[in-house]
Amino acid sequence: MLDKKVVDLLNQQVNKEFYSAYLYLDFSNYYYDHGLDGFGNWYKIQAQEERDHALLFIQYLQNNGETVILEAIDRPSVELVSAKAILCEGLKHEQYVTSLIHNIYDAAYCVKDFRTMQFLDWFVKEQGEEETNADNLVKKFKLFGDDPKSLYMLDNELGSRVYTAPSLVL
Ligand code: FEO
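Residue numbers (the numbering used here): 1 to 170.
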C-alpha cells in the first residue's frame, strides 16, 4: 500500500495531465484556425503525449492496488492571444507541471517510498525535455516568427513531428 498523501497527489496528477492534454488541444485548434497547421500538428501530438502521461499515472496506481479517482477536467484557462504568446504559455505550463512532479517526488521521498520515486524518475527526465522543447519553440518563434517565409518553413518543420508512444512501460 502506498502512503495516502502520495496516492492523493498521484490521483491529482492524472487530472493535471488530462488538463494539459486539453490545454494543448486548445492551442492546436488555435493554430489550425490561423493557418499554422505545423504548429497545430505539434501541439496535437503534445496533447497525445499528455494523455499518455495520464494513463501512465493510472497504470501505476492500479499496479499498486490503488483506486483511481477521475475528477472533472477544467476548461483550458489560457487566453489565446497570439501565436507567439501561446508558446510562452506552453513553456510556463511545463514549468508548472515540473513543480507538480517534484512535489510528488518530495512526498514520496518523505515516506521513503522508493518505488514511487523510481516511477517518477522517468517524469523528472521527461519534464526536462518538455521544458527544453517548449523553450526552443519560443526561441525559434522570436527569431523567425516575424518573417512570413521563415515562419512558413518553421511551420513545415513542426508539421513533420510524428507521434511516438512513451518509452516508459509499466
Ligand atoms: Fe505531462 Fe508536458 O507534462
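The beta-carbon is built from N, C-alpha and C at its ideal position, and this holds for glycine as well.
Every value quoted in this text rests on a predicted model; they were computed, and no experiment measured them.
TODO: Indicate, with yes or no, if the ligand FEO has a heavy atom lying under 8 angstroms from the CB of residue 130.
DONE: Within the sequence shown, the letter at position 130 stands for residue 130. The answer is yes for residue 130.
Task: Reduced DSSP secondary structure (H/G/I, E/B, other) of residue 35 - done: Sequence index remark: in the sequence shown, residue 35 carries index 35 (1-based). Residue state, collapsed to three classes: coil.
TODO: Please indicate yes or no: does the CB of residue 97 lie closer than 8 angstroms to some heavy atom of the ligand FEO?
DONE: The residue labelled residue 97 in the question sits at position 97 within the sequence shown. Yes, the beta carbon of residue 97 sits closer than 8 angstroms to at least one heavy atom of the ligand FEO.
Task: Proximal residues to residue 101 (C-beta, below 8 angstroms), its chain only, five neighbours per side dropped - done: Position 101 of the sequence shown, counted from the first residue, corresponds to residue 101. Same-chain partners within the cutoff: 13, 120, 123, 124 and 127.
Task: residue 59 versus residue 52: straight-line alpha-carbon distance, rounded - done: Position 59 of the sequence shown, counting from 1, holds the residue named residue 59. Position 52 of the sequence shown, counting from 1, holds the residue named residue 52. It is roughly 10 angstroms from the alpha-carbon of residue 59 to the alpha-carbon of residue 52.
Open item on the list: Could you check if residue 150 belongs to the surroundings of the ligand FEO, using beta carbon to heavy atom distance under 8 angstroms?
Closed with: On the sequence shown, position 150 is the one that residue 150 refers to. No, the Cβ of residue 150 stays beyond 8 angstroms of every heavy atom of the ligand FEO.
- [ ] From the DSSP output, in three-state form, read off residue 81 for me.
- [x] By one-based count along the sequence shown, residue 81 stands at place 81. DSSP, reduced to helix, strand and coil, places residue 81 outside both helices and strands of the structure shown, so it counts as coil.
Open item on the list: Applying the 10 Å Cβ sphere with the 16-neighbour rule, what's the burial state of residue 116?
Closed with: On the sequence shown, residue 116 is found 116 positions in, with the first residue counted as 1. Answer is buried; the Cβ neighbour count reaches 16.
Open item on the list: Tell me whether residue 28, by its Cβ, gets closer than 8 angstroms to a heavy atom of the ligand FEO.
Closed with: As a working note, residue 28 is residue 28 in the sequence shown. Not under cutoff, so the answer is no.
- [ ] Within its chain, find whatever has a CB closer than 6 angstroms to the CB of residue 64; leave out the 5 residues flanking it on each side and keep chain order.
- [x] Taking the sequence shown and counting its residues from 1, one reaches residue 64 at position 64. Here the set comprises 2.
- [ ] Using 8 angstroms as the cut-off, classify the Cβ of residue 46 as near or not near the heavy atoms of the ligand FEO, replying yes or no.
- [x] For the purposes of this step, residue 46 is identified with residue 46 of the sequence shown, where counting begins at 1. Under cutoff, so the answer is yes.
Open item on the list: Closer than 8 angstroms to a non-hydrogen atom of the ligand FEO - does that hold for the CB of residue 167?
Closed with: For the purposes of this step, residue 167 is taken as residue 167 along the sequence shown, with counting starting at 1. No.
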